[in-house]
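In this note's numbering, the protein residues as written are 59 to 641.
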């Protein structure tokens, strides 16, 4: 992400850029970002969030592309981009030629033509289109199917558990009064999913439909050709003469941005800050000095995972009790139960009677699928009620919201409904992570529809997936695990966390379990605290705080968390870019 876009010079042909390049297609402004189109806008209105090609191997891991032979011809109101994309990892070998064109009439065409350079297994290969959830959720659209039918539909307001649109050939929706955009897809049967199920703030239209078997073998030499075309209707020449709208992700200027980012903060009492805890309490013992670093966070709990269906959970419980004792905080114990959980729950109760842990909450999941089964709450409450009478009983899923949204386990007997989250299931750039914070309100509103009286929690929140989705053939044993994000120890994680806290509070989540105590997925290592620890300590220093509603006019640059406490209002400004910005 970077400062505001400027008009590209006429007939400029760029060498392969390290960052994004702003372009124009008549009244539309957009960004070409390493093989993808991002942030297609009409004035201030976001029309599409992205058009790109995804190569996803067995296990759903995305195989990134390297670009070659990139040429960008940018006119003041049109462009033409040509490049070759190479996807190479493990046994995957897929290369394609890209041709992307934008016209003065607001038309955009993205064509890809590729071939497999080896035989491998894939879950998906092809073009994807992202409609922004903030602009589209709840809004009417017309879906043209592969049979030629034109159906009056609407993008779902709440998070749809299943694909809202199937057998898609084109989608037409109104951008502003009297202005419509049509996205037409060729070369495959497409369907649309609600990516908010994985915390992405978008609706994705993709091929191949998920009801078809996957993974499938792609034979060497197999060709895939697809295209997406965007057409704009109802626009006069006026929008072309509008002042340039700020486009996130644009090529940074050499000088600092001088346009101030306007931040507005509401008044009133505000909403409660979620109870904050850290994960990984059962994995490792705190190092010397670790407790002193963590005490300023004034944590509400530490989470420990107990795999009751396997050996070794007793040692994890002992470590968790010791870590919680060092910090004088209670535990959130996530219990992974065997098929018949009664014996395991009795064993846990016996161990807890000896260790006498303070327990703030129990989370009950089945080890087989990470979700709460009907009747688990009753069994857990009966077995564990004597350990800590005031402990809350939570459940739902240890996976993405999708698992809970599609199964909607009965909330009867649960005090808390829980799911886990990481913001980069589908894309990994900084901008996407920040955008996805905007999905939290829709997630909370969806959960409240079937939570009964249970409070809402996210546990745990991690930057990356906790399990490497890549097949063994794609893993580099000498490289770092895909679960470890180098940004965890960088200022970006602190900025993202502040933005996440603000959005989670306004959405109404009662509890959040963040990251881990220690290590590459933690808030510190054995030698030093990471910036995210300092950020959380600064928030915790505002005692008895409530979160005030606040908005940044340029959230792609600066996010805001506003806290009100007796006698003060404290504003946290989080720069989510590498460029300075006046506010």
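All residues carry an ideal CB built from backbone N, CA and C; glycine is no exception. Here the structure is a predicted model, which means the values were calculated and not measured.
With residue 617 and residue 521 assumed to form a contact (beta carbons below 8 angstroms), what rounded beta-carbon distance in angstroms separates them?
-> Within the chain shown, numbered from 1, the residue matching residue 617 stands at position 559. Within the chain shown, numbered from 1, the residue matching residue 521 stands at position 463. Incorrect: roughly 16 angstroms between the Cβ atoms, too far for contact.
What separation, rounded to the nearest whole angstrom, lies between the Cα atoms of residue 196 and residue 99? Taking the chain shown and counting its residues from 1, the one referred to as residue 196 is at position 138. Taking the chain shown and counting its residues from 1, the one referred to as residue 99 is at position 41. One C-alpha to the other measures close to 19 angstroms.
| query | Closest to residue 318 by CA distance: which of 247, 626, 612, 416 is it? | reply | Indexing the chain shown from 1 puts residue 318 at position 260. The option with the nearest alpha carbon to residue 318 is 612.
CA-to-CA distance, residue 129 to residue 480, given in whole angstroms: Looking up residue 480 in the chain shown gives position 422. Looking up residue 129 in the chain shown gives position 71. Going by the C-alpha atoms only, they are around 35 angstroms apart.
query: Under a Cβ-count criterion, where at least 16 other Cβ atoms within 10 Å of its own Cβ denotes burial, should residue 269 be classed as buried or exposed?
result: The sequence position of residue 269 within the chain shown is 211, counting from 1. When all chains shown are included, residue 269 counts as exposed.
For residue 592, the first and last residue of its enclosing alpha helix (DSSP H): Counted from its first residue, the chain shown places residue 592 at position 534. It spans 589 to 598 - the alpha helix (DSSP H) in which residue 592 sits, taken as one unbroken run.
Starting from residue 263, trace the beta strand (DSSP E) in both directions and tell me its first and last residue.
Numbered from 1 along the chain shown, position 205 holds the residue referred to as residue 263. Note, residue 263: beta strand (DSSP E), 260 to 264.
If you drop the 5 nearest sequence neighbours on each side, which residues of the same chain put their C-beta closer than 7 angstroms to that of residue 127?
-> Your numbering for residue 127 matches position 69 in the chain shown. Cβ within range, chain order: 141, 142.
Residue environment, residue 288, which counts as buried when at least 16 other CB atoms sit within 10 Å
On the chain shown, residue 288 is found 230 positions in, with the first residue counted as 1. The residue is buried, with at least 16 neighbouring Cβ atoms inside 10 Å.
**Prompt:** Any idea which residues DSSP pairs residue 371 with across the strands?
**Reply:** Reading the chain shown from its first residue, position 313 is the one you call residue 371. The partner list for residue 371 (beta bridge, DSSP) is empty, contrary to what the question assumes.
Among the candidates 405, 352, 402, whose CA atom is the shortest distance from the CA of residue 382? By 1-based counting over the chain shown, the position of residue 382 is 324. Nearest C-alpha to residue 382: 352.
key: Own chain partners of residue 632 with C-beta closer than 6 angstroms, once the 5 adjacent residues on each side are dropped   = Position 574 of the chain shown, counted from the start, is the residue given in the question as residue 632. Excluding residues within five positions, the ones whose Cβ falls inside 6 angstroms are 553, 556, 557, 617.
Could you check the C-alpha separation between residue 532 and residue 118 for me, to the nearest Å? Translated into the one-based positions of the chain shown, residue 532 becomes position 474. Translated into the one-based positions of the chain shown, residue 118 becomes position 60. Looking at the two C-alpha atoms, the distance is approximately 12 angstroms.
Problem - The alpha helix (DSSP H) enclosing residue 401, as first and last residue numbers - result: What you label residue 401 is simply residue 343 of the chain shown in a count that begins at 1. Boundaries of the alpha helix (DSSP H) harbouring residue 401: 400 to 413, taken from the DSSP string.
| task | Mind listing, in chain order, the continuous alpha helix (DSSP H) runs of no fewer than 4 residues lying wholly within the region 517 to 588? | result | 549 to 565
Quiz prompt | Exposure label - residue 133; buried when at least 16 CB within 10 Å | solution = Here residue 133 corresponds to residue number 75 of the chain shown, with the count starting at 1. Residue 133 is buried by the Cβ-count criterion.
Work out the CA separation of residue 238 and residue 548 for me, nearest whole Å. By one-based count along the chain shown, residue 548 stands at place 490. By one-based count along the chain shown, residue 238 stands at place 180. Roughly 42 angstroms separates the two Cα atoms.
Inspect the CB distances between the region 492 to 500 and the region 530 to 546 and report whether three or more fall short of 8 angstroms. no
**OP:** Please name the residue in 635, 89, 517 whose C-alpha comes closest to that of residue 551.
**Re:** For this step, residue 551 is matched to residue 493 along the chain shown. The candidate whose alpha carbon is nearest that of residue 551 is 635.
Subject >> Residues of its chain near residue 271, where Cβ-Cβ distance is below 8 angstroms and the 5 sequence neighbours each way are ignored >> reply: Residue mapping note: residue 271 aligns to position 213 of the chain shown, counting from 1. The answer is none, since no qualifying residue turns up.
Legend entry - Nearest-angstrom Cα separation, counted from residue 135 out to residue 568: Counting from one through the chain shown, the residue named residue 568 turns up at place 510. Counting from one through the chain shown, the residue named residue 135 turns up at place 77. In this structure, the straight-line span from the alpha carbon of residue 568 to that of residue 135 is close to 49 angstroms.
My guess is that residue 83 and residue 152 are in contact by the Cβ rule of under 8 angstroms, so how many angstroms apart are they, rounded? Indexing the chain shown from 1 puts residue 83 at position 25. Indexing the chain shown from 1 puts residue 152 at position 94. That belief does not hold up - the Cβ atoms of residue 83 and residue 152 are roughly 28 angstroms apart, past 8 angstroms.
Between residue 377 and the rest of its own chain, which residues show a CB-CB distance below 8 angstroms, the 5 nearest in sequence each way excluded?
Translated into positions along the chain shown, residue 377 becomes position 319. So the qualifying residues of the chain are 339, 340, 341, 342, 343, 362.
### Message
Less than 8 angstroms between the beta carbons of residue 588 and residue 329, yes or no?
### Response
Within the chain shown, numbered from 1, the residue matching residue 588 stands at position 530. Within the chain shown, numbered from 1, the residue matching residue 329 stands at position 271. No.
Notebook entry, point to check: My guess is that residue 402 and residue 420 are in contact by the Cβ rule of under 8 angstroms, so how many angstroms apart are they, rounded?
Noted result: Along the chain shown, one-based indexing puts residue 402 at 344. Along the chain shown, one-based indexing puts residue 420 at 362. Not a contact, Cβ separation roughly 13 angstroms.
Classify residue 504: buried if its beta carbon has 16 or more other beta carbons within 10 angstroms, exposed otherwise. Within the chain shown, residue 504 is the residue found at index 446, counting from 1. With 16 or more Cβ atoms within 10 Å of its Cβ, residue 504 is classed as buried.
- Query: At what residues does the beta strand (DSSP E) containing residue 364 begin and finish?
  - Reply: As a position in the chain shown, residue 364 is number 306, starting the count at 1. Where residue 364 is concerned, the enclosing beta strand (DSSP E) stretches over 359 to 365.
Just to confirm, are residue 430 and residue 453 a CB contact at a threshold of 8 angstroms? The residue you call residue 430 lines up with position 372 of the chain shown. The residue you call residue 453 lines up with position 395 of the chain shown. Cβ atoms of residue 430 and residue 453: closer than 8 angstroms.
TODO: Compute the minimum distance between the beta carbon of residue 105 and the heavy atoms of the ligand HEM, and state whether it is under 7 angstroms.
DONE: The ligand HEM is not part of this structure, which contains no ligands at all.
Exercise. Which value, in whole angstroms, describes the spacing of the CA atoms of residue 374 and residue 486?
Worked result: Walking along the chain shown from the start, residue 374 turns up at place 316. Walking along the chain shown from the start, residue 486 turns up at place 428. Rounded to whole angstroms, residue 374 to residue 486 spans 31 angstroms at the Cα level.
So if DSSP puts residue 284 in a beta bridge, which residue, or which two residues, is it bridged to? Here residue 284 refers to the residue found at position 226 of the chain shown. Answer is 170, bridged to residue 284.
Problem - Beta carbon of residue 492 nearer than 8 angstroms to that of residue 614 - result: Residue numbering aside, residue 492 sits at position 434 when the chain shown is read from its first letter. Residue numbering aside, residue 614 sits at position 556 when the chain shown is read from its first letter. Taking 8 angstroms as the Cβ cut-off, residue 492 and residue 614 qualify as a contacting pair.
Discussion item. Going residue by residue through the region 438 to 475, where are the continuous alpha helix (DSSP H) segments of at least 4 residues, counting only ones entirely within it?
Written reply: 459 to 465
Assigned secondary structure, residue 504 (DSSP; H/G/I helix, E/B strand, else coil):
To locate residue 504, count along the chain shown from 1; it is residue 446. Three-state result, residue 504: helix.
**Prompt:** With distances taken from CA atoms, which of 584, 626, 608, 86 is nearest residue 350?
**Reply:** Here the question's residue 350 lines up with position 292 in the chain shown. The shortest Cα separation from residue 350 among 584, 626, 608, 86 belongs to 584.
Inter-residue spacing [alpha-carbon to alpha-carbon] between residue 366 and residue 598
Position 308 of the chain shown, counted from the first residue, corresponds to residue 366. Position 540 of the chain shown, counted from the first residue, corresponds to residue 598. Residue 366 and residue 598: Cα-Cα distance of roughly 34 angstroms.
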